[in-house]
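Shown next, in C-alpha cells, is the structure this report addresses.
In our numbering, the protein residues as written are 1 to 176.
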C-alpha cells in the first residue's frame, strides 16, 4: 500500500521582477540561508533549490532566478515551460518596480499562452521585498493590486534571517 511518505514532489518556481528588486537575495537567503550584501546582477538565470516537508510529503522546490534585464528575455522565455509557481517581486522602496508589475504579468501571460482573461494554472505570489527600508508603496495598495488579480501578497526582506517565504509551506500545506 502506498502512503504519502512515498511521494517526492519536484516543483518549479520562477522569480520575475525588475533588476535590483532583490530576487537573488531572497532566493539565496531562503535556499542557502545566507545574505549576500554586495549587489551582483544576475546574468541570464541563476538557480536555488530547497526542501520542504509538508505533512509526509518531501518537496524539492527548484527556484529559477531570472534576470530582470530586458536583454535576457530570450533566455527567460525558455524556462516558463512546466512551471508551477511564480514569484512576482518588487521593491517596496522603489515605485517604478511596483509600476512595472503589469509588464511582468504581460510577459508571463504571453509565455504561458494565456489569452482573454484566461486564469493562470500557475500559483502566483506577489512579493513586496525590502520591507526593512523606507517604503514608498503602501501595504494596502500592494495588497489591492494582488487581490484584484487573484494573487496572494506577502512582504519580506532578504536581510532578515527569517525570510518570510513561509507562504510556500502554507500554500503546499493546503494542497497536500
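Even glycine gets a Cβ: it sits at the ideal position worked out from N, Cα and C.
- Residue 63 is positioned such that its CB atom lies no closer than 8 Å to that of residue 88.
- Along the segment 51-101, the alpha helix (DSSP H) occurs as fully enclosed runs of 4 or more residues at 73-76 and 95-99, listed in sequence order.
- Nearest neighbour of residue 132 by Cα position, chosen from 84, 94, 152 and 54, turns out to be 94.
- In the DSSP assignment, residue 12 falls within the unbroken beta strand (DSSP E) covering 8-16.
- Judged by their CB atoms, residue 137 and residue 101 are not nearer to each other than the 8 Å cut-off.
- For residue 129, the enclosing beta strand (DSSP E) starts and ends at 123-129.
- Residue 103 is bridged by DSSP to nothing; it lacks a bridge partner.
- In the structure shown, the three-state DSSP call for residue 30 is helix.
- Beta-carbon to beta-carbon, residue 115 and residue 22 are separated by about 31 Å, too far to satisfy the 8 Å threshold.
- Judged by beta-carbon spacing, residue 11 lies within the 8 Å limit of residue 85, meaning their Cβ atoms are closer than that value.
- Remark: C-beta atoms of residue 66 and residue 120 do not approach each other more closely than 8 Å.
- Beta bridge pairing from DSSP links residue 139 with no other residue.
- Around the Cβ of residue 134, a 10 Å sphere holds fewer than 16 other Cβ atoms; the residue is exposed.
- The three-state secondary structure of residue 19, taken from DSSP, is coil.
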